[in-house]
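Novice:
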Amino acid sequence: MPDQPLDATYGIVWGTDTLPARSLCRIVRFIDRTQAVVLGYIAKGGRVYRASTPFVAEPDNDNLDLVLVRGVDEKVGEVYARATDGSMVRVSEFKGSLSGTMREVADDTTWNTERSLLYQEFMATMFLRHCVFNPHVASKSAMPGPIPRCEKLDEPVELFADMGKMALPDAIESLLYRIRMKEQPAGIERFAGRVLSRIDLQRLRTEVASRGVKLIRTERTGGIYLVFDHEGIAPEQEAFLLSVETALNRIAHVLASIGCGFAPASYSPSEASCAVLDRTTFEGITAHVDTLIGGAPVEDCDLRTLGSVRCEPGGEWDTRATLATLCEGLNLIVRLDYRFGVHMDDGEISIRFVRPDLLSMPAESYEERFGSWRVLPDDQRARMAREYASRMSLVLAAAAFASNLNVTRCVIGERTLAGEEPVVRAFDRIEFMATLVPLARELVGASLADLGCVDALRRFEVEQDALRIGSPALRLAPMDDDRRLPDGLRDLLLADCANELEVDDDLHDALRGRFDAARSVMAEDPLRAEQEFNEIIEEAQASCVAAELLESHPVQTQFCENHLGRIILPIFVGDTATRIHRAPDALFFAQFDLCNMYAQVGAYERALPLARHMLDMATTSMQAHFTLVNVLARLEMFDEVIEVAKHGLRATYDTDAAAYLFYRMAFAYWRRREREIALACYRLVPQGRRISHVAQEEMRELMRAMGRVEPLAFDEAVAILQAADVPIPPTEELFCQVADAAVMLTDSGFPFLAGRCAYVAWQMRGSDELNAVSRSLLP
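Residue numbers (the numbering used here): 840 to 1618.
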């Protein structure tokens, strides 16, 4: 750049070690290939902080050297830099979006007026020009405070201090009360009070009481997410709760724009400036299009190597994982509820998302010309919601095209909360790049009330059946699929063809019919039922032995409760040459019912061999584990109770199943006088489960016997159990098996089983991206 020393090289660096709070990267001058001098830190919200010695984890505004301030005309903002006397001086103007591309605006041509740059590049080069190469001397343009158009607060303001610590209605009402009690609330407080006062708090109390609404802060995007029970919810109820979420996110976005995020704010813009920042967030959504299309490829997608296997580059899993990562990284001000379908054979992606309701649009607008607020009528808010949804379509289409260069067509559908699909649009890749990417740039800062995007996208509207989500291929069960599996899947799943992974009997199976008949007479004629069950068991076992002997390779007969039980079964087999013969349902359930019949009359010795054989032939079945554990406990065979429970913990990802096994194991260890391990087992029984109350009572009794007042800390309990070789579910072994199956089945074109594996992997790890991928694979 001009004035750059000829022997100096500058750059931005990230991902090496700790950054100050809310910082994105460093601005450095390189010494050589391995060393650099840190000059400053680029933070969110249009700020650059000067590097300090020693390192400061929370830089304050005394270290602020460059700041962007959005002007009254929201399309253009001002640039302020630290002058040599410590004051802030206005040095230039800028246009663009912090989430898109930016350019300097000046009367004379400069290095930055000639280039559109992404946020970090723009901030770094402006900092070097105005704060390093040519520091400014204070002049009449100097601002008296450290942040232009912001006031220093007497004490920091933390708007979200109570959020998550008390019921949401109480937290909001407490905040509104504190704001009302202040003689001179800060601008950000006035803005927050105006937004939150529009919420019907009595209605919110009713919804929270009935749906258990909880607030979650998302660290990745700095947003707020409300979790609530969707069962039986009416569209108007959901629209109301989502409007509350949007209201909180509007405030969070403004706080992020002034650089403090969820931390206490020491400075505040005026209420009017907050309103401008708020409107800029709504109207700047299409800046994401440039970021998605022109950004670097997604290199840090954790889902590409979900377990131990890396997906096929550019394949089905890679495309789904990349698209989910891009969509989940969008920090929109409204809830992004979406589902997608990927059809790489046709180079097409379909996405359906929920259109925001008018309640999520601002109820008031600040009019700069008159310096006052204006209430917006519902019909205008409805138009704004339509326009915002149209712009969301552009952003999601950009994400689809950015997920894979071989995606040539994208279909985007809007859905209302009532389930209606008013608009479906189809975009061709080349036309999107040539005409709609420039449109997205023009729409940044354009009023939502103008319906500019709605009108521009009318010619792309198509029939609803163009949206392909939940295709019939996702419903092709293994029993109807005789395709051979690729080599890697054959070794992973111990099967040669897809239909070998089926776990359900034919509905017309003769043994199943005899079993149903025997079960129907259990209550009135138990002796007859017992005789019939024994005959079914003997006949079914003979047929399984014959099937094993007829094969030239090793074969095991196994019953699996569901498809996931079959997927994880190889963990307990080991030899990749072994194949699985599916045991008839009637064999397992005849033993199960007969075992329970014996247990009910106290004949545990007769039940024991049946229970043991059940687990041998149903290695991944939790019913088999529970049955054997119960019989062993009745016979006070506590050593074996512990071993069976450990085996079950290796095979389960279900919280209720793990809770029951930990509970049974705790009592067994207690009876073996290993009290510390028993206490650790009780500690790992989670709250809110069917067995939790009984487990808590027994744990308190054990603590009294041990002379303890406080229970073990969770981490302490885990360490004790790991030392005793007790698996902590879900184990890494189990997750890798399920994750590898999900990736390989997806890439190989077996979505029925892949979707179920991805769903369970999501249950184990709780990733939003993985949830989106699993939903794309389920019918």
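Backbone N, C-alpha and C define an ideal beta-carbon position, used for all residues, glycine too.
1) Could you tell me the alpha carbon to alpha carbon distance between arginine 1473 and proline 1152, rounded to whole angstroms?
2) According to the neighbour-count rule (16 or more other Cβ atoms, all chains shown, within 10 Å of its Cβ), is isoleucine 1055 buried or exposed?
3) Tell me the residue span of the alpha helix (DSSP H) that contains isoleucine 1124.
4) Any heavy atom of the ligand MN inside 7 angstroms of the beta-carbon of glycine 925?
5) So, with DSSP's three-state summary, where would you put alanine 1611?
6) Ends of the beta strand (DSSP E) at glycine 1062?
7) Under 8 angstroms by Cβ, that's how I've got leucine 1609 and leucine 1175 pegged, so tell me the actual separation to the nearest angstrom.
8) Using the C-alpha atoms, what's the distance from isoleucine 1124 back to isoleucine 1269?
9) Exposed or buried, which one is proline 985 when buried takes at least 16 other CB atoms within 10 Å?
10) On the DSSP bridge list, what partners appear for tyrosine 1177?
11) Measuring CB atoms only, is the segment 1372–1381 touching the segment 1410–1427, in the sense that at least three cross pairs come out at less than 8 angstroms?
12) Skipping 5 residues on each side, what residues in its chain have a beta carbon closer than 8 angstroms to that of glutamine 1219?
13) Can you name, in chain order, every residue of its own chain whose Cβ lies under 6 angstroms from the Cβ of alanine 1450, other than the five neighbours on each side?
14) Answer with buried or exposed for threonine 951, where buried requires no fewer than 16 other C-beta atoms within 10 angstroms of its C-beta.
15) Can you list, in chain order, the residues of its chain whose CB lies under 6 angstroms from that of alanine 1163, leaving out five sequence neighbours each side?
16) Which first and last residues belong to the beta strand (DSSP E) in which cysteine 864 is found?
17) Tell me which residue opens and which closes the beta strand (DSSP E) that aspartate 1326 is part of.
18) Under 8 angstroms between the Cβ atoms of glycine 1003 and glycine 1061?
19) Anyone know if the C-beta pair for aspartate 1321 and asparagine 1338 falls short of 8 angstroms?
20) Is there contact between the segment 1401–1414 and the segment 1576–1583, where contact requires at least three CB pairs shorter than 8 angstroms?
21) Roughly how many angstroms lie between the CA atoms of glycine 1413 and alanine 1497, to the nearest whole one?
22) Ignore the nearest five residues each way along the sequence and tell me which others in proline 841's own chain have a CB closer than 7 angstroms to its CB.
23) Nearest to methionine 1223 by alpha carbon, out of Tyr1177, Glu1281, Ala1285, Ala1265?
24) Tell me proline 1448's beta-bridge partners as DSSP assigns them.
25) How is the alpha helix (DSSP H) around aspartate 1478 delimited, first residue to last?
26) Is the beta carbon of isoleucine 1027 less than 8 angstroms from the beta carbon of cysteine 1166?
27) DSSP three-state call for isoleucine 1376: helix, strand or coil?
28) Helix, strand or coil, according to DSSP, for alanine 1552 in the structure here?
29) Please list the terminal residues of the continuous beta strand (DSSP E) segment that includes isoleucine 1038.
30) Using DSSP's beta-bridge definition, name the partner residues of aspartate 1267.
31) From the DSSP secondary-structure annotation, give me the bridge partner or partners of alanine 1072.
32) Per DSSP, which residues does arginine 942 bridge with? Please list them.
33) Over what stretch of residues does the alpha helix (DSSP H) that includes alanine 1163 continue unbroken?
34) Taking phenylalanine 1067 as the reference, give the member of Leu1007, Thr1494, Ala1104, Phe1209 with the closest Cα.
35) I need the straight-line Cα distance from phenylalanine 1506 to alanine 1556, nearest angstrom please.
36) At what residues does the alpha helix (DSSP H) containing arginine 1543 begin and finish?
Specialist: In short, the structure shows the following:
1) Residue mapping note: residue 1473 aligns to position 634 of the sequence shown, counting from 1. Residue mapping note: residue 1152 aligns to position 313 of the sequence shown, counting from 1. One C-alpha to the other measures close to 54 angstroms.
2) As a working mapping, residue 1055 is identified with position 216 in the sequence shown. Isoleucine 1055 comes out exposed.
3) Here the question's residue 1124 lines up with position 285 in the sequence shown. Neither: isoleucine 1124 is in no alpha helix (DSSP H) and is coded neither H nor E.
4) The model on display carries no ligand, and the ligand MN is accordingly not part of it.
5) Locating residue 1611 in the sequence shown gives position 772, counting from the first residue. Here alanine 1611 sits in helix by DSSP.
6) If you number the sequence shown from 1, residue 1062 lands on position 223. Per DSSP, the unbroken beta strand (DSSP E) holding glycine 1062 starts and ends at 1062–1066.
7) One-based indexing of the sequence shown puts residue 1609 at position 770. One-based indexing of the sequence shown puts residue 1175 at position 336. Not a contact, Cβ separation roughly 16 angstroms.
8) Working through the sequence shown from its first residue, we reach residue 1269 at position 430. Working through the sequence shown from its first residue, we reach residue 1124 at position 285. Near 22 angstroms, if we compare the C-alpha coordinates of isoleucine 1124 and isoleucine 1269.
9) Here residue 985 refers to the residue found at position 146 of the sequence shown. Model confidence at proline 985 stands at a pLDDT of 34, short of 50, so the residue's coordinates are unreliable; what they give is reported in the following sentence. Result: buried.
10) On the sequence shown, residue 1177 is found 338 positions in, with the first residue counted as 1. For tyrosine 1177, DSSP records a beta bridge to Phe1192.
11) Judged by Cβ distances under 8 angstroms, the segment 1372–1381 makes contact with the segment 1410–1427, as three or more pairs qualify.
12) Within the sequence shown, the letter at position 380 stands for residue 1219. Around glutamine 1219: Ala1288.
13) Residue 1450 sits at position 611 when you count from the first residue of the sequence shown. Result list for alanine 1450: Cys1434, Thr1466, Leu1467, Val1470, in chain order.
14) One-based indexing of the sequence shown puts residue 951 at position 112. According to the sequence displayed, residue 951 carries asparagine and not threonine. So asparagine 951 ends up on the buried side.
15) On the sequence shown, position 324 is the one that residue 1163 refers to. Excluding sequence neighbours, alanine 1163 sits near Glu1608, Ala1611, Val1612.
16) In the sequence shown, counting from the first residue as 1, residue 864 sits at position 25. From DSSP, the beta strand (DSSP E) with cysteine 864 extends over 862–869.
17) As a position in the sequence shown, residue 1326 is number 487, starting the count at 1. No beta strand (DSSP E) contains aspartate 1326, which is instead part of the alpha helix (DSSP H) from 1326–1332.
18) Locating residue 1003 in the sequence shown gives position 164, where the first residue counts as 1. Locating residue 1061 in the sequence shown gives position 222, where the first residue counts as 1. Against a cut-off of 8 angstroms, the Cβ pair of glycine 1061 and glycine 1003 comes out as no contact.
19) Locating residue 1321 in the sequence shown gives position 482, where the first residue counts as 1. Locating residue 1338 in the sequence shown gives position 499, where the first residue counts as 1. Yes, the Cβ-Cβ distance between aspartate 1321 and asparagine 1338 is below 8 angstroms.
20) yes
21) Here the question's residue 1413 lines up with position 574 in the sequence shown. Here the question's residue 1497 lines up with position 658 in the sequence shown. About 23 angstroms.
22) Your numbering for residue 841 matches position 2 in the sequence shown. Only Trp950 meet the Cβ criterion.
23) Residue 1223 sits at position 384 when you count from the first residue of the sequence shown. Of Tyr1177, Glu1281, Ala1285, Ala1265, the residue nearest in Cα terms is Ala1285.
24) Position 609 of the sequence shown holds residue 1448. Proline 1448 pairs with nothing; no bridge assigned.
25) Here residue 1478 is taken as the residue at index 639 of the sequence shown, counted from 1. Its alpha helix (DSSP H) spans residues 1477–1490.
26) Taking the first residue of the sequence shown as position 1, residue 1027 is located at position 188. Taking the first residue of the sequence shown as position 1, residue 1166 is located at position 327. Against a cut-off of 8 angstroms, the Cβ pair of cysteine 1166 and isoleucine 1027 comes out as no contact.
27) Mapped onto the sequence shown, residue 1376 falls at position 537. Here isoleucine 1376 sits in helix by DSSP.
28) Sequence index remark: in the sequence shown, residue 1552 carries index 713 (1-based). Of the three classes helix, strand and coil, the one that applies to alanine 1552 here is coil, per DSSP.
29) Residue numbering aside, residue 1038 sits at position 199 when the sequence shown is read from its first letter. Taken as a continuous stretch (DSSP letters only), isoleucine 1038 belongs to no beta strand (DSSP E), as it is neither H nor E.
30) As a position in the sequence shown, residue 1267 is number 428, starting the count at 1. Arg1248.
31) Taking the first residue of the sequence shown as position 1, residue 1072 is located at position 233. Note on residue identity: the sequence assigns isoleucine, not alanine, to residue 1072. In DSSP, isoleucine 1072 forms no bridge with anything.
32) Sequence index remark: in the sequence shown, residue 942 carries index 103 (1-based). Lys934, per the DSSP bridge assignment.
33) Taking the first residue of the sequence shown as 1, we reach residue 1163 at position 324. That run of the alpha helix (DSSP H) goes 1155–1167.
34) Position 228 of the sequence shown, counting from 1, holds the residue named residue 1067. The candidate whose alpha carbon is nearest that of phenylalanine 1067 is Leu1007.
35) Locating residue 1506 in the sequence shown gives position 667, counting from the first residue. Locating residue 1556 in the sequence shown gives position 717, counting from the first residue. Near 15 angstroms, if we compare the C-alpha coordinates of alanine 1556 and phenylalanine 1506.
36) Position 704 of the sequence shown, counted from the start, is the residue given in the question as residue 1543. Start and end: 1531–1545.
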